[in-house]
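The next block holds one structure in the form of structure tokens; read it before the comments.
Protein chains in written order, with this note's numbering: chain C, 104 to 312; chain P, 17 to 563.
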């Protein structure tokens, strides 16, 4: 009687389709790419209209910090990818460790970013600062975009780290297991997205002179 | 089911299923796509009626050349709020979020959408955005007065509550993205056995094309509005011309989403029309493949025409030419749909019931909207009528005459399935007649006024425009009367309407194979699909025999 009155469907949600879940995640990643894509369009337009000032601005960024952060993020992508392989082989502890390292690397990235930004602030380069307002408009735009784009990227690093922390909890509670790891895959995909956006931000702001 | 003998035919509908949570919680925490659809319907109708009142008041203000009702600043907030609510809280979500949620899983023979909890989250985001938009009215500083387009630099300078309004639009966009994502995954992964892509009902095709636009275009407006917020909060130079920014770039970014959004708005309504016409003409739809593909073509070309909103702001001649040409091209798939619908009606055994009446209004009014759109796409005409009532008239013919009437059609078509009761058809026909007449008396003068030079968004006007303004205002009274009768009729039928059968219209799509209203699980057994969605061959054969 009761089984008919309260179907198992909604509360338990027995239906499982990993390929569909992956598809949903990929669609979400498209939207994130387009979100940043909008900013890349703005960057392209202003770089085209103010090439000299963008070049001057980019020379003021610290290439070393940028390079270190690029390596940190690339390594973190490696560790999160390895964590999937680890869980597929049933090695729960190693998988947990690898996700943990990924989160640690995310924190390293953020600390670096913090020092980089605070250095910019200390030399008077921040929105509406007298120093920045005294410069040509192209540089105002350059640093405006620099703060907004790296800032939104950093926000995505934070979100990604939180997602990975939740995933660690899932692994330790055996919600993510050898046979059901699509959630870990989704988290890792998100993390790769954070990484690849940085891969474009880094040359555009630091390297192209 | 072991107890099926006892329970045969007695499975409760989704309103009466025993759920874990009781009362209001069983609604606002539900993951049932049907309940979420009803939630959307209830909330969207509240917003719709608020915006109708604003529009009604704006028409009263325009009775006299010097203004008849409110202060200029109030008028500015009226048209801003009317636009924001109608666009972001009514025409964009109304068909996908209400009927998409309720019927898309039913039509493809699924038990729910692919991500039921995400679906509930979308509704919560929608509510959050809606409440934020409404509270911005009452916060100190006053409601936003930028128009729904939020053009910079004014949206950076004005002291009104632009940030809550922008944030509301951002959140609503996020809700829209998640709904689109959910539908795409649902359509790809959850179709019943045998339902190949070209056996899907055309409403599902239209929803599919719409969902892709929602997923691919909405992030652009998200980031653009977010940048304006950041610019207002921190004084970062991005669009502000005093800091080197380019306001025209903002307009490009804005329309990169907001033009495709027009197709988010109209495509699902076109899907509704494609559903209703074969049922009430008792004919297999003419040109199924063309209608399906034209949805995708509209989605594709519609993403490439945004700058036709900006012909007068400064663009290269080549750019103007290309955008004008693409604008003409996008009318082709729309026309294909119109021709196919009319061809379906041709020699059908037409039953002029309420849903079809609204659909016929849709076809005529959308055609007027489409043709005036072509005029606006022509560069030479555009220069003369840009930012006039002609644009406003064209826009309302598509948005209200098209999608609004498509929504009314959908509501009257699927009402018996959603609520298990039938409304009073006589009253519904009166409502249809009044709203159609009122709508056209309201907006035909807009087209003439605009052509004569009446600028949009002005609270005062030259005395020679008064007659047409008065005519339009009278039209708004007839329209509002029609809407009043329509919704009172539907509301009363919730309680008093006669109980209806599973398939009162004789529809052939899967949602009509379930009881009205459907049970929680939609189908006792997942159906196996063997034929196309509009198989009326038996009627056609009978008609031939008679002939």
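In this text, a Cβ means the ideal position worked out from N, Cα and C, and glycines have one as well. Since we're looking at a predicted model, the values are computed, not measured.
Determine, using beta carbons only, whether residue 120(C) comes closer than 7 Å to chain P.
Counted from its first residue, the first chain places residue 120(C) at position 17. With respect to chain P, the C-beta atom of residue 120(C) has a partner C-beta closer than 7 Å.
Could you say if the segment 300-309 of chain P and the segment 127-134 of chain P meet the contact criterion of at least three C-beta pairs nearer than 8 Å?
Segments in contact, no.
Own chain residues within Cβ distance below 6 Å of residue 367(P), not counting five before or after
Walking along the second chain from the start, residue 367(P) turns up at place 351. Closer than 6 Å at Cβ, skipping near neighbours: 296.
Inter-stretch contact at 8 Å, needing at least 3 Cβ pairs: the segment 167-182 of chain C / the segment 270-280 of chain C
No, the segment 167-182 of chain C is not in contact with the segment 270-280 of chain C.
Strictly below 9 Å CB to CB, what residues from chain C border residue 125(P)?
By one-based count along the second chain, residue 125(P) stands at place 109. Residues of chain C passing the Cβ test: none, with the nearest at roughly 14 Å.
Who does residue 438(P) pair with in a DSSP beta bridge?
Sequence index remark: in the second chain, residue 438(P) carries index 422 (1-based). Residue pairing of residue 438(P) in beta bridges, as defined by DSSP: 514(P).
Who does residue 471(P) pair with in a DSSP beta bridge?
Indexing the second chain from 1 puts residue 471(P) at position 455. According to DSSP, residue 471(P) bridges with 404(P).
Taking just the CA atoms, how far does residue 150(C) sit from residue 316(P)?
Taking the first residue of the second chain as position 1, residue 316(P) is located at position 300. Taking the first residue of the first chain as position 1, residue 150(C) is located at position 47. Put simply, the backbone Cα of residue 316(P) is about 29 Å away from that of residue 150(C).
On the premise that residue 241(P) lies in contact with residue 185(P), defined as a C-beta separation below 8 Å, what is that separation, rounded to the nearest angstrom?
Here residue 185(P) refers to the residue found at position 169 when the second chain is read from its first residue. Here residue 241(P) refers to the residue found at position 225 when the second chain is read from its first residue. Confirmed, Cβ separation roughly 6 Å.
Buried or exposed for residue 157(P), please, with buried defined as at least 16 other CB atoms from any protein chain shown within 10 angstroms of its CB.
Residue 157(P) sits at position 141 when you count from the first residue of the second chain. Exposed, because fewer than 16 other Cβ atoms sit within 10 Å of the Cβ of residue 157(P).
Decide if the segment 114-128 of chain P is in contact with the segment 169-185 of chain P; the criterion is three or more beta carbon pairs, one per stretch, under 8 Å apart.
Counting Cβ pairs under 8 Å, fewer than three are found: no touch.
What separation, rounded to the nearest whole angstrom, lies between the Cα atoms of residue 250(P) and residue 229(C)?
One-based indexing of the second chain puts residue 250(P) at position 234. One-based indexing of the first chain puts residue 229(C) at position 126. Going from the Cα of residue 250(P) to the Cα of residue 229(C) covers about 9 Å.
Straight-line gap, residue 222(P) to residue 288(P) (C-alpha atoms, nearest Å):
Translated into positions along the second chain, residue 222(P) becomes position 206. Translated into positions along the second chain, residue 288(P) becomes position 272. So the alpha carbons of these two residues sit roughly 9 Å apart.
Spatial neighbours of residue 259(P) within its chain, please: C-beta separation below 7 Å, excluding the five flanking residues on both sides.
Counting from one through the second chain, the residue named residue 259(P) turns up at place 243. Sequence-distant Cβ neighbours of residue 259(P) in its own chain, meaning closer than 7 Å and more than five residues away, are 253.
Which one or two residues does DSSP pair with residue 535(P) in a beta bridge?
Translated into positions along the second chain, residue 535(P) becomes position 519. Answer by DSSP bridge pairing, in chain order: 29(P).
Enumerate, from N- to C-terminal direction, the unbroken alpha helix (DSSP H) stretches of 4 or more residues contained entirely within the segment 250-337 of chain P.
The segment 250-337 of chain P contains these whole alpha helix (DSSP H) runs: 263-297, 304-318.
Please state whether DSSP places residue 122(C) in a helix, a strand or coil.
Here residue 122(C) is taken as the residue at index 19 of the first chain, counted from 1. It is helical.
Let me know the secondary structure DSSP gives residue 366(P) once reduced to three states.
As a first step, residue 366(P) is located in the second chain; it is residue number 350 there, counting from the start. In the structure shown, residue 366(P) sits in coil (DSSP, three-state: anything other than H, G, I, E or B).
Three-state class that DSSP yields for residue 82(P) in the structure shown:
Within the second chain, numbered from 1, the residue matching residue 82(P) stands at position 66. Residue 82(P) carries a coil assignment under DSSP once its states are collapsed to helix, strand and coil.
Chain C beta carbons: is any one of them nearer than 7 Å to that of residue 165(P)?
For this step, residue 165(P) is matched to residue 149 along the second chain. Closer than 7 Å: no.
CB-CB length for residue 287(C) against residue 186(C), believed under 8 Å:
Here residue 287(C) refers to the residue found at position 184 of the first chain. Here residue 186(C) refers to the residue found at position 83 of the first chain. The distance from the Cβ of residue 287(C) to that of residue 186(C) is about 7 Å, consistent with a contact at the 8 Å cut-off.
Under 7 Å, do residue 459(P) and residue 428(P) count as touching if we go by C-beta distance?
The count along the second chain starts at 1 and reaches residue 459(P) at position 443. The count along the second chain starts at 1 and reaches residue 428(P) at position 412. No, the Cβ-Cβ distance between residue 459(P) and residue 428(P) is not below 7 Å.
Run the CB neighbour count on residue 521(P), radius 10 Å, all protein chains shown included, and call it buried at 16 or more, exposed below.
The residue labelled residue 521(P) in the question sits at position 505 within the second chain. Buried, because 16 or more other Cβ atoms sit within 10 Å of the Cβ of residue 521(P).
What residues of chain C sit near residue 231(P), judged by a beta carbon separation below 9 Å?
One-based indexing of the second chain puts residue 231(P) at position 215. Taking the beta carbon of residue 231(P) as reference, the chain C residues within 9 Å of it are 130, 131, 133, 134, 137, listed in sequence order.
Shortest alpha-carbon distance to residue 266(C) belongs to which of 231(C), 205(C), 120(C), 154(C)?
Against the first chain, residue 266(C) aligns to sequence position 163. The option with the nearest alpha carbon to residue 266(C) is 205(C).
Check each residue of the segment 181-214 of chain P: if its Cβ is closer than 7 Å to any Cβ of chain C, include it; give the result in chain order.
When C-beta distances to chain C are compared with 7 Å, the residues of the segment 181-214 of chain P below that value are 193, 197, 200, 201, 204, 205, in chain order.
Under 7 Å between C-beta atoms of residue 256(P) and residue 169(P)
Locating residue 256(P) in the second chain gives position 240, counting from the first residue. Locating residue 169(P) in the second chain gives position 153, counting from the first residue. Against a cut-off of 7 Å, the Cβ pair of residue 169(P) and residue 256(P) comes out as a contact.
For residue 235(P), which residues in chain C fall below 9 Å Cβ to Cβ?
Counting from one through the second chain, the residue named residue 235(P) turns up at place 219. Correct list: 133, 134, 135, 136, 137, 138, 139, 140, 141.
Can you give me the C-alpha to C-alpha distance between residue 188(P) and residue 104(P), rounded to a whole angstrom?
Translated into the one-based positions of the second chain, residue 188(P) becomes position 172. Translated into the one-based positions of the second chain, residue 104(P) becomes position 88. Residue 104(P) has its alpha-carbon roughly 7 Å from the corresponding atom of residue 188(P).
7 Å is my cut-off, CB to CB: does residue 233(C) come that close to chain P?
Locating residue 233(C) in the first chain gives position 130, counting from the first residue. Chain P contact via Cβ: absent.
Here's the rule I'm using: 16 or more other beta-carbon atoms within 10 Å means buried, otherwise exposed. How should residue 512(P) be labelled?
Taking the second chain and counting its residues from 1, one reaches residue 512(P) at position 496. Classification of residue 512(P): exposed, given that the 10 Å Cβ count is below 16.
Can you look up residue 38(P) in the DSSP assignment and give me helix, strand or coil?
Position 22 of the second chain, counted from the first residue, corresponds to residue 38(P). Coil.
Which whole-angstrom value is the C-beta distance of residue 60(P) and residue 110(P), which I expect to be below 8 Å?
Reading the second chain from its first residue, position 44 is the one you call residue 60(P). Reading the second chain from its first residue, position 94 is the one you call residue 110(P). Yes, residue 60(P) and residue 110(P) are in contact; Cβ-Cβ is about 6 Å, under 8 Å.
In the DSSP assignment, find the alpha helix (DSSP H) that holds residue 560(P) and state where it starts and stops.
Position 544 of the second chain, counting from 1, holds the residue named residue 560(P). Going by DSSP, residue 560(P) is part of the alpha helix (DSSP H) stretching over 553-562.
Would residue 224(C) be called buried (16 or more neighbouring beta carbons within 10 Å of its own) or exposed?
Working through the first chain from its first residue, we reach residue 224(C) at position 121. Around the C-beta of residue 224(C), fewer than 16 other C-beta atoms lie within 10 Å, and the residue is accordingly described as exposed.
Just to confirm my understanding: we take residue 211(C), look at its own chain, exclude 5 residues before and 5 after, and list those with CB closer than 6 Å. What are they?
Reading the first chain from its first residue, position 108 is the one you call residue 211(C). So the list reads 175, once near-sequence residues are dropped.
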